[in-house]
Each structure stands twice: as structure tokens, then as C-alpha cells.
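For reference, the structure discussed in these notes is given below.
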Amino acid sequence: MQLTGQETLPVAQAQAWAALNDTEMLKAAITGCEALTPTGENEYEVLLSVAIGPVKAKFKGKLKLSDLQPPTSYQLAFEGSGGAAGHGKGTAQVRLETLGPAQTLLHYTVVASVGGKIAQIGSRLVDMAAQKMAGDFFAAFNAALAERYGVAPAEPPAPPKSAFQRFLDWYLGWLGRIFKSGR
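Each position in the sequence shown, counted from 1, maps to that position plus 53 in my numbering.
Here's what the structure looks like:
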């Protein structure tokens with residue numbers, strides 16, 4: 054499985070870096086995270102309750118940060134086991150890019166593999182669950198950033214209008230002008 058994306062954070066790059074390295078803030082933003090405990094320099098144990106389709110389990114795992122380039126990037130290696138539910142491991146690349154004095158773009162690429170019952174439910178369901186978890190994480194993380202740094206959460210941009218919607222807008226405007234000029 055590969056998951057790639059980017060997220061705009063409503064804070065300066067240094068603040069985003071600090072937040073991404075704050076275990077309490079991360080624990081609060083990760084759905085189902087029961088513990089995120091440092092075990093060494095840039096190493097952590099994690100306890101996570103996860104539900105992917107019909108498979109529900111508690112995963113115990115390890116995280117290790119490497120290639121730290123503060124406040125720009127790092128790599129994260131992870132592995133975890135959920136007993137009979139299965140196991141997973143992989144890596145994530147995280148890179149921060151300054152967009153402005155109070156805006157940072159976070160780029161991420163996750164490559165992971167799963168085994169056990171989780172793998173049996175199908176890659177499509179696993180991919181959808183991973184995308185939902187990422188969306189939930191960033192919604193909670195952005196809210197925590199807004200609360201900590203006193204900034205308003207960024208409003209999501211309006212989706213672009215389809216060609217049909219643009220035509221409909223033009224047509225209704227044209228009809229409105231015809232009926233208005235006919236009075």
C-alpha cells in the first residue's frame with residue numbers, strides 16, 4: 054500500500070515541526086491511540102485500537118524516527134502486531150515546506166505492508182481505511198494546532214465547479230437577464 058498526500062497546516066514551519074514531535078499532541082490526534090511512549094532517542098512504543106472493516110484489534114508497535122533534518126524533514130519506520138488480526142510495517146517520509154509566515158505545507162508518503170486477517174479483507178478496504186485515518190488525523194491535528202497557537206483553522210477550499218455546473222450558472226444568469234430586461 055502507498056499513501057501520498059499533503060496537508061496545509063495553519064502555523065509556521067518551526068511550530069509545525071515542534072507539534073509533529075510532541076507525543077501528547079500526536080497521541081490526541083491519532084484516532085484510537087491509547088499510548089505513545091518514548092523508549093529511547095527518537096524511538097517510541099505505541100498502543101493503538103484499530104478497526105478496518107470487520108477486523109478490530111489492539112496493535113502494539115514500535116516507531117523510529119531517522120534522517121532528521123529539523124525543521125524540514127524526517128523518515129519514520131514503523132511495525133506493529135495485532136495478534137490474530139494481523140501485522141503491519143512500513144515507512145513514512147515527512148517533509149515540511151514554508152508557504153508563508155503562518156502556513157506550512159506538510160508532504161507525506163507512506164509505504165506499508167500488512168499481513169494476517171487485515172490482508173485478507175482486501176487492499177481496497179485497507180487503502181480506504183488508511184485514507185480515512187489520515188483525514189481524521191489531520192482534522193484533529195489542525196484543530197489542536199489552532200487551539201495551541203491561537204489561529205483559526207483553515208477553511209477547506211471550495212471544490213472546483215464542473216463544466217456542467219459552470220454552464221448551468223451561465224444559463225441561469227442568462228435567463229435572469231432576459232426576464233429582467235423584459236419587464
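We put the CB at the ideal spot given by N, CA and C, even for glycine.
Source: prediction; values computed, not measured.
Go through its chain and collect everything with a Cβ distance to residue i's Cβ below 7 Å, but skip five positions before and after it.
| i | result |
| --- | --- |
| Thr-125 | Arg-148, Leu-149 |
What residue does the beta strand (DSSP E) around residue i start on, and which one ends it?
| i | result |
| --- | --- |
| Ala-171 | Checking the sequence, you will find Ile at residue 171 rather than Ala. Careful: Ile-171 lies outside any beta strand (DSSP E), inside the alpha helix (DSSP H) at 170-173. |
| Thr-76 | Here Thr-76 belongs to no beta strand (DSSP E); instead the alpha helix (DSSP H) covers 76-82. |
| Ala-65 | Segment: none, Ala-65 is in no beta strand (DSSP E) and carries neither H nor E. |
| Thr-125 | Here Thr-125 belongs to no beta strand (DSSP E), and DSSP marks it neither H nor E. |
Quick check on this structure: which residue in the options has the alpha carbon closest to the alpha carbon of residue i?
| i | options | result |
| --- | --- | --- |
| Gln-128 | Gly-114, Ser-134, Lys-113, Ala-145 | Ala-145 |
| Gly-93 | Leu-116, Phe-131, Ala-155 | Leu-116 |
| Ala-199 | Ala-72, Gly-226, Gln-59, Leu-56 | Ala-72 |
| Pro-154 | Pro-213, Val-204, Lys-113, Thr-84 | Val-204 |
| Gln-55 | Glu-132, Val-179, Asn-74 | Val-179 |
| Lys-109 | Gly-135, Leu-158, Asp-75, Arg-201 | Gly-135 |
Can you tell me whether residue i is buried or exposed? The criterion is at least 16 other CB atoms within 10 Å of its CB, across all chains shown.
| i | result |
| --- | --- |
| Phe-220 | exposed |
| Leu-225 | exposed |
Within the continuous alpha helix (DSSP H) that includes residue i, where are the two ends?
| i | result |
| --- | --- |
| Ser-176 | 176-202 |
When the cut-off is 8 Å and only beta carbons count, does residue i lie next to chain D?
| i | result |
| --- | --- |
| Cys-86 | In the structure shown, chain D cannot be found, because there is only a single protein chain. |
Tell me which same chain residues have a C-beta within less than 8 Å of the C-beta of residue i, skipping the five on either side of it?
| i | result |
| --- | --- |
| Ala-81 | Ala-193, Ala-197 |
| Phe-190 | Ala-82, Ile-83, Thr-84 |
At least three beta-carbon pairs within less than 8 Å, the segment 164-174 to the segment 124-142: yes
Touch test, the segment 57-73 against the segment 96-103, Cβ-Cβ under 8 Å, three pairs minimum: no
Inter-stretch contact (C-beta, 8 Å, three-pair minimum) for the segment 212-231 and the segment 108-124: no
Sufficient close CB pairs (3 or more, under 8 Å) joining the segment 83-93 to the segment 148-163: no
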